[in-house]
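Participant:
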Amino acid sequence: MLTACGALTRSDKLAVPPPPPKLSAPDSALTKDCDAPVDIGRAPLSQSKTEKFWMKDRQSLVECRRRHGALRDFYADRDGRLVGKK
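Residue numbers (full-length UniProt numbering): 1 to 86.
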């Protein structure tokens, strides 16, 4: 029977793997779903209503694009630091 202290490999010669990296999570505001388009219904719309809905949709699109750009940048920065590029 071989005991633990009777091993042939000295423990000071063993290569110990580094601990796994700690991955930070993005801010929850960056992972929020984008707003759905405005429901315009089936009734005919006046020009002012059409413009109002268009402006709301446009604003939501711009905010969503900024948020997803920030999320992309977060992951690029984090992953770059993990491989030592930053």
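Heads up, the beta-carbon is just placed ideally off N, CA and C, and yes, glycines get one too.
1. May I have the straight-line CA-CA distance separating GLY69 from PRO20, to the nearest angstrom?
2. For LEU30 versus ARG67, is the C-beta distance shorter than 8 Å?
3. Which of the three DSSP states is assigned to SER28 in this structure?
4. By alpha-carbon positions, which one of CYS64, PRO26, ARG58 and MET55 ends up nearest to ASP33?
5. I need the straight-line Cα distance from PRO37 to PRO26, nearest angstrom please.
6. Classify LEU61 as helix, strand or coil using the three-state DSSP reduction.
Facilitator: On the basis of the coordinates in this document:
1. 27 Å
2. yes
3. Collapsing the DSSP output to three states places SER28 in a helix.
4. Minimum Cα distance to ASP33 is reached at CYS64.
5. 25 Å
6. helix
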